[in-house]
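K.L.:
At the far end of the first sequence sits residue 528, using numbering that gives the first Met the number 0, and the numbering has no gaps.
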Amino acid sequence: MLTIQKKEQRVGLKPLPNVKGKVVMRFAPNPNGPLSLGHSRGVSILAEYWRMYATDGPMGHAAGSELLLRFDDTDPQVKPPLMDAARGWNGYEMIRSDFKWLTGKDPSRVVVASDRIKIYQDAARDLIRVGGAYVCNCDAETFKALKDAKTPCPHRDQTIEHNLAGFDGMCNGTTKKGAAVLRVKTDIQHPHPGLRDWTAFRVVATDAIHPRETLGQIPRHHAWPLLDFQSAIEDHLQGVTHVIRGKDLMDSTRKQTFLYKHMGWTYPETLYWGRVSVHEFGKFSTSMMRRAIEAGKFSGWDDPRLPCLAALRRRGYSAGAVRAFWVNLGLTEKDIAVSLTNLDAEDAKANEPGAHRLFFVPDPQLLHIDGVAGKVAKPLRNPNRPDAGHRTLTAEPHLVVAKDDLAPRLRLKDLGNIEQAGGHGKFTDDVMDRSLAIVQWLPKSLALPFTVLKPHFETDAEAAAAGDDGPEDEPLAPGAKPELEVPPLLEITGLVEPSVTTEVGKVVQLERFGFVRVESPERGVWLHT
RNA sequence: GCUCCGUUAGUCUAGUGGCCAAGGAUUUAGGCCUUUCAAGCCUGCGGCACGGGUUCGAAUCCCGUACGGAGCACCA
0 MLTIQKKEQR
10 VGLKPLPNVK
20 GKVVMRFAPN
30 PNGPLSLGHS
40 RGVSILAEYW
50 RMYATDGPMG
60 HAAGSELLLR
70 FDDTDPQVKP
80 PLMDAARGWN
90 GYEMIRSDFK
100 WLTGKDPSRV
110 VVASDRIKIY
120 QDAARDLIRV
130 GGAYVCNCDA
140 ETFKALKDAK
150 TPCPHRDQTI
160 EHNLAGFDGM
170 CNGTTKKGAA
180 VLRVKTDIQH
190 PHPGLRDWTA
200 FRVVATDAIH
210 PRETLGQIPR
220 HHAWPLLDFQ
230 SAIEDHLQGV
240 THVIRGKDLM
250 DSTRKQTFLY
260 KHMGWTYPET
270 LYWGRVSVHE
280 FGKFSTSMMR
290 RAIEAGKFSG
300 WDDPRLPCLA
310 ALRRRGYSAG
320 AVRAFWVNLG
330 LTEKDIAVSL
340 TNLDAEDAKA
350 NEPGAHRLFF
360 VPDPQLLHID
370 GVAGKVAKPL
380 RNPNRPDAGH
390 RTLTAEPHLV
400 VAKDDLAPRL
410 RLKDLGNIEQ
420 AGGHGKFTDD
430 VMDRSLAIVQ
440 WLPKSLALPF
450 TVLKPHFETD
460 AEAAAAGDDG
470 PEDEPLAPGA
480 KPELEVPPLL
490 EITGLVEPSV
500 TTEVGKVVQL
510 ERFGFVRVES
520 PERGVWLHT
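1. Find out if the Cβ-Cβ distance for the pair A310, P303 is shorter than 8 Å.
2. For I335, is the classification buried or exposed, using 16 other Cβ atoms within 10 angstroms of its Cβ as the cut-off for buried?
3. Alpha carbon to alpha carbon, how far is A122 from F26? Give it in angstroms, no decimals.
4. Counting C-beta neighbours from all protein chains within 10 Å, is the total for L526 16 or more, i.e. buried, or is it exposed?
5. Entirely within the stretch 350-378 and at least 4 residues each: give me those alpha helix (DSSP H) ranges in chain order.
6. Please work out which residues of its chain come closer than 6 Å, Cβ to Cβ, to G315, disregarding the five sequence neighbours upstream and downstream, and give them in chain order.
7. Tell me which residue opens and which closes the alpha helix (DSSP H) that E160 is part of.
8. To the nearest angstrom, how far is the alpha carbon of L126 from that of M169?
9. For the beta strand (DSSP E) containing Y133, list its first residue and its last residue.
10. If we require 4 or more residues per run, which alpha helix (DSSP H) segments fall completely within the stretch 186-255?
11. Pop quiz: V371 and L342 are said to be a contact at Cβ under 8 Å. What is the actual Cβ separation, rounded to whole angstroms?
12. Of the residues E351, R290 and P306, which one's Cα is nearest the Cα of S317?
13. By the 10 Å Cβ neighbour count, where 16 or more other Cβ atoms means buried, how is K453 classified, buried or exposed?
14. So for S286, helix, strand or coil by DSSP?
15. Provide the residue span of the beta strand (DSSP E) that contains K425, from first to last.
16. Report all residues from its chain with a CB closer than 7 Å to the CB of L365; omit the five preceding and five following residues, and keep chain order.
17. Counting only the same chain and skipping the five closest in sequence on each side, list residues whose C-beta sits under 6 Å from that of P477.
18. At what residues does the alpha helix (DSSP H) containing N29 begin and finish?
19. Closer than 8 Å is the cut-off here; do at least three beta carbon pairs connect the stretch 190-199 with the stretch 219-230?
20. Here's a check: name, in chain order, each residue in its chain whose Cβ is nearer than 6 Å to the Cβ of P57, leaving out the five neighbours to either side.
21. Rounded to whole angstroms, what is the Cα-Cα separation between S498 and L357?
22. In whole angstroms, give me the CA-to-CA distance for P385 and T340.
Encoded structure:
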């Protein structure tokens, strides 16, 4: 008997392919700066699978799941790790705390690649012994020309002994930068030029000293592995079963597959996500942000205008909302352009139920109102949760309301109706009249000065009005480095009710203004409307 | 130039030959509710890039075109 079943909507991420036993994954950032919103896609997706395949997760089984944090810090010269004691910056520590904030957990294991250079060098020797790699003495231009012509270079057929000796020279410092690299043999005729005999190891410049070498945390190394080699070896060593990474690394998978074949290993299952651009933040990179901060254009990695997790955390975004945002987008190879609007909607769901309401009066105007003194307003801390209690505001003759709210007749929220002209007026009644604007107000003597820092990102309408089609890719002058756009940071000043002092560190909703994270009794940072 | 990936409403996504006259989220318009222009509830607008083919039947399979993106580093 055949039964037709209605297709069921799948919620959340697709199941991982080819799961047998424990699921082991890794998040592998370069610690050249803290994590950004872009990195958080990877962490969020990986953390979701980590949860799904945990022993007690929805897809779980006894073997469980692991998510490793691996610092891919094998570049002492171009993108060295961020370690600036004077500024208190440490990429490793910043990423560990970003990871913990976002996932709520510590990683299953932490691997620091620069601790393990000797292991990679030994792995390279193993690869040479099986005939999978050779030491190439061509300079970069020469090799490129040969490679583009699908022609093997003269070093490709050297003996294993010769290669081993050459590699020793690279490791012990007798071979200088540029004089030799170790290449993995692939297929010099391969149709894809990027896959032909790729570089596994290079000798770094004598003055390119890794920050951890300077600090004596690791011994001095001359020959450092490139990402594709280090990552491939480490994935095998750590028993990684599933690699999930950006689509830009598709060719890495193909390169590394050659290496795995030489070694007789099985390559992990690999999934990709497409390129993401976030409308509000434009084009950015960790190094661009670092330069801009060092130049004083931003106050730090947590400047509210920056796409760093530190900045989102400071503004009050819930980590769960950031994760939900990415999990909802799913894992697709399509390149996407998203707006922060979706994150804000997700965050509102997370923050709104717990956020206390506060009266905030921007651009305050003083009113002298007869007949209000002593009247008491008891607005709820959260109208959707009466059990959260209320604040108490006692009116006095001098009140403030926002300049934009000024009108001949007004309803002071939770207090009553007034009429005024030129700043003087009187209390009329407290009969509910929905035709009046209901405005926030404060007793002058109790109101506290409050400033909200609000990043101003260009909206589509503004961009259209300004007549530009987004960031233009003008060719940079030789040697020039791309600069980060610096959006304005507005400082909105006003008065807030005294109970702000009990909200420090929390997200509040300033009624009819927006959600703000209170940093101190005097200052808040804009979250969203 | 060579190689690879992608294309469902404004945005993101579900969908792997009939259950799809395409579902969800967000955005947006309107309404309800409400002592916030928040939240909540209801309703509406809006989409399978294009052209061929296979098939009784295609968003789904094949071919081509267009458009978008990535890689071709002694960076990650």
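Using N, Cα and C, we set each Cβ at its ideal position, and we do this for glycine too.
P.N.:
Looking at the atomic coordinates:
1. yes
2. exposed
3. 22 Å
4. buried
5. none
6. V506, R516 and L526
7. I159 to C170
8. 15 Å
9. A132 to C135
10. 210-213 and 226-236
11. About 42 Å separates the two Cβ atoms, so there is no contact after all.
12. E351
13. buried
14. helix
15. H423 to D428
16. H397, V399, G422 and K443
17. Confidence at P477 is low in this model, with a pLDDT of 49, below 50, so its placement is unreliable and the value that follows should be read with caution. Result list for P477: empty, nothing under 6 Å.
18. Where N29 is concerned, there is no enclosing alpha helix (DSSP H), given that its DSSP letter is neither H nor E.
19. yes
20. M51
21. 8 Å
22. 29 Å
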